[in-house]
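For reference, the structure discussed in these notes is given below.
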Amino acid sequence: WYASAFLKNKYTLYPKASIIYNIGFDNTGTHNAAVDYFNSTDWNSIKPITLDVEHDIKTNQQALSRWKDYHNKIAQSSKGRFRDFFYTLKAIGGKIYRRIARSTNKKVSGSEIMWSGNYKSWRDAANECAGYDAENILQKIKSAILKVKKGEAAYERDSVTFDTLDYSSVLLEAFKSIASANNEILSVYDFGGSLGSAYFQYRNLLTNLKQLNWKIIEQPHFVECGKQFIEDDHLKFYLSIEEAMGVEENKTLLLGSVIQYLDKPDEIIGKLLQHEFEYIIIDRTGFIDADNDRLTIQSVPEYIYKASYPVWFFNEKKFIETFTSKYNVIQTFLSEVSPPMILADGKNVFWKGYILKRKQ
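What the sequence shown shows, in my numbering, is residues -16 to 343, in sequence order.
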């Protein structure tokens, strides 16, 4: 109900006194005692009034503030359970809106479903896509990241800003553990890291480190923008892994929701493994419950930014085998952000992460 009202820009009127009679607390249920404080018998207190909708109906700012405080407290203690709800409110429909689109395989208010098709080649899929390199995407992400950098928002994901910090507890513990083993120094090579989404998400949670080096490897126009507007003492942008490579110990490669968006993922993984990172952290990577990988098109709803691009869902066993010749899997985890889904043909897809350590 809340999501539906929010999407249609509706107001909700909360009367001072209850105008319902709730028969669910009459002591006939298994788990409830008899109580009557949910009911109102003073029906005469309810008087009809005439309102000028345009001028008399306004948001009660005090009530709104208390409502936000209440749900923020719940979100902090129960992140997974309420994350979709907050994403909905902040992204004008966000996750619940997208989940409807995914599960029904239909257009929702002009926005395509998130994943569609089963393409034989990357070229076939790419020919039907607008791509990730569109200028409108960069500008939206830049605007959101600058708000986070200035302290006007807590963090950013997919160009959407959030007022309350959210993060993966698994990733945070991994960063801390790696730094602890390296004299409190953390060197992260964030491959496909946008304009620093993960860096700004975790930087204030890693303030006890002696040194934090965060290097983003991205497309040229992202690197140019990052160098001009985003870089700071700890965050730098590069066009390639080779250009970014430094002399740091215990280098950590971060692959956060990126491998599935590459034309030839096996080839790229092979090149990355040549650099012998001490640790590899894989996060939010899509898998399918099927014998073979599937190439689909992901369409981003227009309320985030208008874009579409090819994306892989991998067979998990085959995917992880590309790493295990040189790395041990020390932890696996389900994504805290993306819940499992069912595609139009009934195949289950899910998002998962891994912490890998190089074999000695």
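Each residue gets a CB set at the ideal place from its N, CA and C atoms; glycine is no exception. None of the values given here were measured: they were computed from a predicted structure.
Residue burial classification, residue i (beta-carbon count within 10 angstroms, cutoff 16)
i, result
"Glu135", "exposed"
"Pro284", "buried"
"Met228", "exposed"
"Ala84", "For Ala84, the predicted structure reports a pLDDT of 39, less than 50, and the residue's modelled location is therefore unreliable. The matter cannot be settled from this model."
"Ser282", "buried"
"Ile3", "exposed"
"Ser48", "exposed"
Per DSSP, cross-strand counterpart(s) of residue i
i, result
"Lys340", "Tyr262, Asn311"
"Lys335", "Thr268, Leu317"
"Met228", "According to DSSP, Met228 bridges with nothing at all."
"Arg277", "Phe296"
"Glu139", "Thr144"
"Gly175", "Note: Gly175 sits in no beta bridge, so no partner."
"Met324", "Val332"
"Val283", "Ala290"
"Gln184", "Paired residues: none, contrary to the question."
"Leu121", "Answer is none; Leu121 lacks a bridge partner."
"Phe220", "Ile199"
"Ile168", "Gln194"
"Lys234", "Ser170"
"Ser98", "Contrary to the premise, residue 98 reads as Trp rather than Ser in this sequence. Bridge partners of Trp98: Gln281."
Beta-carbon proximity check, residue i vs residue j, cutoff 7 Å
i, j, result
"Trp295", "Gln343", "no"
"Trp197", "Val171", "yes"
"Gln184", "Tyr221", "no"
"Asp141", "Ile287", "yes"
"Glu299", "Phe270", "yes"
"Asn331", "Asp274", "no"
"Leu155", "Leu188", "yes"
Rounded straight-line distance, which links the Cα of residue j to that of residue i
i, j, result
"Trp34", "Ile40", "The sequence as given places Leu at residue 34; Trp does not occur at that position. Taking the straight line joining both Cα atoms gives about 8 Å."
"Phe158", "Lys289", "33 Å"
"Ala137", "Ala17", "44 Å"
"Ser216", "Ile200", "The displayed chain sequence assigns Asp, not Ser, to residue 216. About 16 Å."
"Ile32", "Asn5", "25 Å"
"Leu339", "Ala327", "33 Å"
"Phe(-11)", "Lys132", "28 Å"
"Lys(-9)", "Gly175", "35 Å"
"Gly179", "Lys254", "23 Å"
"Asp173", "Thr(-5)", "44 Å"
"Ala109", "Val312", "33 Å"
"Ile124", "Ala113", "17 Å"
"Lys89", "Lys30", "In this prediction, Lys89 has a pLDDT of 36, which is less than 50 and means its spatial position is unreliable; what the coordinates show is noted afterwards. Near 44 Å, if we compare the C-alpha coordinates of Lys30 and Lys89."
"Ser291", "Gly329", "22 Å"
"Arg64", "Phe297", "Per-residue confidence for Arg64 stands at a pLDDT of 49, beneath the threshold of 50, marking its modelled position as unreliable; the derived number appears in the next sentence. In a straight line, the C-alpha of Arg64 is about 26 Å away from that of Phe297."
"Lys51", "Ser(-13)", "18 Å"
"Leu317", "Asn233", "25 Å"
### Inter-stretch contact (C-beta, 8 Å, three-pair minimum) for the stretch 208 to 219 and the stretch 233 to 242
no
### Task
Report yes or no: do the stretch 184 to 203 and the stretch 160 to 174 share at least 3 C-beta pairs separated by less than 8 Å?
yes
Contact between the stretch 275 to 289 and the stretch 104 to 111 is defined here as three or more beta-carbon pairs at a separation below 8 Å; is this criterion met?
yes
On the three-pair Cβ rule with 8 Å, is the stretch 303 to 322 touching the stretch 255 to 264? yes
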